[in-house]
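> Okay, here's the structure, questions in a sec.
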């Protein structure tokens, strides 16, 4: 079993290149902000960014001028409002224009599934009577060979690099996650390279004690980054809460191009790594995000011998 | 929350009818033998039986003369040999001829997935250059609208009733399972009616303490049957081992039509229910199948308030 | 009945909650629909099963969830599922009775725009886009819309059709083969609309207290059809307002 | 080298295990392949990752598994996955380097029959059918066959083609667009065959100790091609036999 643990700096510099297609997934939870910030620091540009919900994580990367194109299904600051930086880029071409490839949620899921299943397309019941296919020629139809008309299809999406946040993994990258699963498994299997960011590194024995909990096998993982609070201001189930205050702050900051650049300089560019970012946030703010205990009860796998 | 707990007799008599398509799934594990035996006792006939691996469970139902048709992908007594009763039916039409609708494993999985996803077909990379499509006209091709040629497709399979065995469920049918999952979730979502057979009924609070473990939601469950050792001679992970001795015994018994009928009379028809079957097996045999303890460690969900 | 005053938004949320009467499962999105669903659960639809777009079934949150991604929805839920399972098995699989949707623009046949104001490639205002709305509108058995009434939103022609309602009206939706029946109610801060006519054209079915037909016509961008059974919306009951103000939206985030 | 005697079946299992040298991941089915894979893991391929057809990755069984469905494979494994994930993400997804297959009949181009002897609708002998073999043969990067050599099995024409090998030979398989490369070795109890010629035709590459070319021709139902580099299979080493007899197949269930 090979040890794939590396620092975030090393993981990003080893696998991320300018011009690649990246997918930093995590549906409303476990969003890998720590990886996004390191990508911004390393200044990889001309990126195609795929994500169901670009959220603040891509708003920041777009504001940093790294993105050439967005592949997505919902542009918003959940429960707060629009993503101002991305809107500026789309509406005013600032800091740079942004190419859009737009789907619905299930369309994005279907693209990851086709990529993961190595299928030429994935079928879904969507897009009927809408304008989405007109602005995205990759959304097509297939006639059912069993009659009953056509069904919509989307093509595979195989990101160069997928980055997913999880609760825990062993050194080889056998990754266990719980809570909201989004399309984490599908994007990992679809990607050429997989970087897993975890709150905890555990012994292989911990993974083996509950194999049904392993969502991503080490088999497809290239790098394992141990990064506590790696998802802040997003959250990791059981480890910390969503920092809703920051999602509101960002709504203010991101309205202004200058303040946005200033925030990126202060909180990303001039911060060496996530540890420093956490020190800057301060222990009080992080402690307030800690939930009370709610452990799952054990299940019996059975020790089968002779 | 409604209480869906009923006896096996009531579950089968309420939902199973002659002429239906049934799927008693469970891939090499958690095979619902207790349900099959009750169906034989109630004498529902003209059944279409769908299962990836017919295994002994369908060999017994076919021997009992209940089946009109088999939808399957692998006919065998795993690690032992052929299924003699089914072979007799196919090769000699005894006790009755059997119509076959044959797929590969992934083809069967695809049929359940199309059924569960309410899709007109499910695409898969299989059947190229084989004779299977020639003997099963439901296996077809679809041209990819993105180029790259054709891909095989199979149509949806929506059983009238799906019966699945699991470790535990609450009274409403929120069902948790671990170990080998087969296509249990897919067949349950694909079916019109779902009967869940469990080793343990647990409080709703136990289910809620580990929601990621819930594979089948009560939302789609019609009946919950509490039937300890309900899968014997198959097994349920963590609860008991596979009774390999019986799989060998059956190879002997089933070679002879008379002995097979005799066994069905003694162990199924003249046994009122699973409890009596277990008494007949004897506690020693069952105790020998109990594994040692190997509990999973808890995971933290977090108690989120205020 | 009640003598307390209430805001138009409170009336809208209460009316939307009432539209959920009898529903078995509802697909819950972020914001106002979330509040309306939780109000319905506490009033007209005690057996309502909430299925959150984030993949949570049978949630029992220890606090009022701030968003569909709130971790409080996961802890103590009956089941948590992946996006492929949520959209494939639950929504497309036909398990959703009802969904609440809203949009920046709606037309007379209940088609929605949540994508863009102006031209798609050179937008005046870029909106969030579909999210799951497109497949929800197609696959959920029935739809209720909740949005503020204004001439800017109730337009004769959409700038972009993100989610299908009754398409061009009449039998158009049925002919398209969509599994779901489409929208049956549009709940706003001033009035409620239905589609109970052969054309499936949006028509005024109820005015909220103190609102005139003229006011409503003023805010609708086409020649408005009025139901022959036009009624007045019963005002929020004390119970409804108390739940809304003290439990479901204490910070008046929505109302 | 070793002076102990060994059975033809033991030689077959040992030779099959050796064919796994260098493989990263192997798809494990029931029976002989299971024993061969576990022998390879203990000898020529210590880093071999076994992926069981039942949905188990990284198994570490406390006892020698009797079947691919043995619960001992689950307890202590790295991951357990559903059938859709096993066949969709692992196999079709391209994660399987190698798979071992067998059959009742094989033809000169390595196509397999595990379905029926005689006519499909009126079979003389009904066999198990495909199971996963059909998609394994199509999607696994490379295939090794393990089966006893006999004229009944090595036939000029299959009664039924269940799993594709090199189809009609030459570039046929490549032209068909199958992701996998097809079979590269056929390991039997008397000899080993490869397909190292432009026609991808099965050819004798090694004779097991004491076996003559004549014996082999006797058991092959077509004009057998012989490799220009025909060799003799090195006999089982003591280590290989000891593992096989004392640990992997103590009850001589297979050998």
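Protein chains in written order, with my numbering: chain A, 6 to 311; chain B, 6 to 311; chain C, 19 to 273; chain D, 19 to 273. Using N, Cα and C, we set each Cβ at its ideal position, and we do this for glycine too.
Would you say residue 308 of chain A lies against chain D (beta-carbon separation less than 8 Å)?
Yes, residue 308 of chain A counts as interfacial toward chain D.
> Looking at the C-beta of residue 43 of chain C, does it have a partner C-beta in chain B at a distance below 8 Å?
Answer yes: the Cβ-Cβ gap between residue 43 of chain C and chain B drops below 8 Å somewhere.
> Check for me: the alpha helix (DSSP H) holding residue 20 of chain B runs from which residue to which?
From DSSP, the alpha helix (DSSP H) with residue 20 of chain B extends over 13-20.
> For chain A, is any of its Cβ atoms less than 8 Å away from the one on residue 101 of chain C?
Closer than 8 Å: yes.
> Taking a contact to mean a Cβ-Cβ separation below 8 Å, would you say residue 162 of chain A touches residue 120 of chain A in this structure?
Yes, Cβ-Cβ distance for residue 162 of chain A and residue 120 of chain A is below 8 Å.
> Measure the Cβ-Cβ separation of residue 153 of chain D and residue 111 of chain B and say whether it is below 8 Å.
Result yes, Cβ atoms of residue 153 of chain D and residue 111 of chain B sit closer than 8 Å.
> Could you spell out the range, first to last residue, of the alpha helix (DSSP H) harbouring residue 42 of chain A?
First-last of the alpha helix (DSSP H) with residue 42 of chain A: 38-47.
> Considering only C-alpha positions, which residue in the set C:221, C:216, C:265 is nearest to residue 246 of chain C?
Cα-wise, what sits closest to residue 246 of chain C is C:221.
> Between which two residues does the alpha helix (DSSP H) containing residue 115 of chain A stretch?
Its alpha helix (DSSP H) spans residues 110-121.
> Using alpha carbons as the reference points, say which of C:65, C:60, C:140, C:109 lies closest to residue 275 of chain C.
Outside the displayed span of chain C (19 to 273) sits residue 275 of chain C, for which this structure offers no information.
> Here's the rule I'm using: 16 or more other beta-carbon atoms within 10 Å means buried, otherwise exposed. How should residue 192 of chain C be labelled?
Residue 192 of chain C is exposed by the Cβ-count criterion.
> For residue 19 of chain D and residue 253 of chain D, I'd like the C-alpha separation in whole angstroms.
Confidence at residue 19 of chain D is low in this model, with a pLDDT of 48, below 50, so the placement of that residue is unreliable and no value is reported for it.
> At the level of alpha carbons, what is the spacing between residue 214 of chain C and residue 109 of chain A?
Their Cα atoms are separated by approximately 29 Å.
> Taking only three categories from DSSP, how would you classify residue 271 of chain A?
Here residue 271 of chain A sits in helix by DSSP.
> For residue 143 of chain D, count neighbouring Cβ atoms within 10 angstroms of its own Cβ and tell me buried if that reaches 16, exposed if not.
Exposed: under 16 other Cβ atoms inside 10 Å.
> Helix, strand or coil, according to DSSP, for residue 283 of chain B in the structure here?
Reduced to three states, the DSSP call for residue 283 of chain B is helix.
> Can the beta-carbon of residue 84 of chain A be found closer than 8 Å to that of residue 92 of chain C?
Going by C-beta atoms, residue 84 of chain A is not nearer than 8 Å to residue 92 of chain C.
> Does any C-beta atom of chain B lie closer than 8 Å to the C-beta of residue 183 of chain A?
So, interface residue.
> Comparing C-alpha positions only, which one of B:184, B:125, B:233, B:146 sits nearest to residue 216 of chain A?
Checking every option, the nearest Cα to that of residue 216 of chain A belongs to B:184.
> Would you tell me roughly how many angstroms separate the C-alpha atoms of residue 90 of chain C and residue 81 of chain C, rounded to the nearest one?
Between residue 90 of chain C and residue 81 of chain C, the C-alpha separation is close to 7 Å.
> Spell out a yes or no on whether the region 296-303 of chain B and the region 287-299 of chain A are touching, meaning 3 or more CB-CB pairs, one atom from each, closer than 8 Å.
As far as the Cβ criterion goes, the region 296-303 of chain B does not touch the region 287-299 of chain A, which means the pair count is below three.
> Quick one: what's got a C-beta closer than 8 Å to residue 269 of chain B's C-beta in the same chain, skipping five residues either side?
Around residue 269 of chain B: 45, 65, 68, 69.
> Any idea what DSSP makes of residue 97 of chain B, helix, strand or coil?
Residue 97 of chain B: helix per DSSP, three-state reduction.
> Quick one, which of C:35, C:170, C:42 has its alpha-carbon nearest residue 52 of chain C's?
Of C:35, C:170, C:42, the residue nearest in Cα terms is C:35.
> Looking at chain B, is there any beta carbon in it that lies within less than 8 Å of the beta carbon of residue 19 of chain D?
In this prediction, residue 19 of chain D scores a pLDDT of 48, lower than 50, which makes its location untrustworthy; no coordinate-derived value is stated.
> What runs of the beta strand (DSSP E), each 3 residues or longer, lie entirely inside the region 82-125 of chain C?
You should have 116-119.
> Answer yes or no: do residue 134 of chain A and residue 31 of chain A have a C-beta to C-beta separation smaller than 8 Å?
Result no, Cβ atoms of residue 134 of chain A and residue 31 of chain A do not sit closer than 8 Å.
> Output needed for residue 216 of chain C: all residues of its chain with C-beta closer than 8 Å, excluding positions within five of it in sequence on either side, in chain order.
Around residue 216 of chain C: 188.
> List the residues of chain D whose Cβ lies closer than 8 Å to the Cβ of residue 121 of chain A, in chain order.
Near residue 121 of chain A (Cβ distances below 8 Å), the residues of chain D are 106, 107, 111.
> Taking C-beta pairs closer than 9 Å, name the residues in chain A that residue 180 of chain C reaches, listed in chain order.
In chain order: 109, 135, 136, 137.
> Chain A partners of residue 89 of chain D, CB-CB under 9 Å?
Those are 306, 307, 309, listed as they occur along chain A.
> Report yes if the C-beta distance between residue 209 of chain C and residue 184 of chain C is below 8 Å; otherwise report no.
No, the Cβ-Cβ distance between residue 209 of chain C and residue 184 of chain C is not below 8 Å.
> Any beta-carbon of chain D closer than 8 Å to the one on residue 125 of chain B?
Chain D, which has no Cβ nearer than 8 Å to the Cβ of residue 125 of chain B, makes this no.
> Determine the closest residue to residue 27 of chain B out of B:14, B:91, B:74, B:129, with distance taken between C-alpha atoms.
When only C-alpha atoms are compared, the closest one is B:74.
> Looking at chain C, which residues of the region 210-221 of chain B have a Cβ within less than 7 Å of any of its Cβ atoms?
Within the region 210-221 of chain B, the residues whose Cβ lies closer than 7 Å to some Cβ of chain C are 212, 213, 216, 217, 219, listed in chain order.
> Using a cut-off of 9 Å between C-beta atoms, extract the partners of residue 159 of chain C located in chain B.
By Cβ distance, chain B contributes nothing, its closest Cβ being about 12 Å from residue 159 of chain C, past 9 Å.
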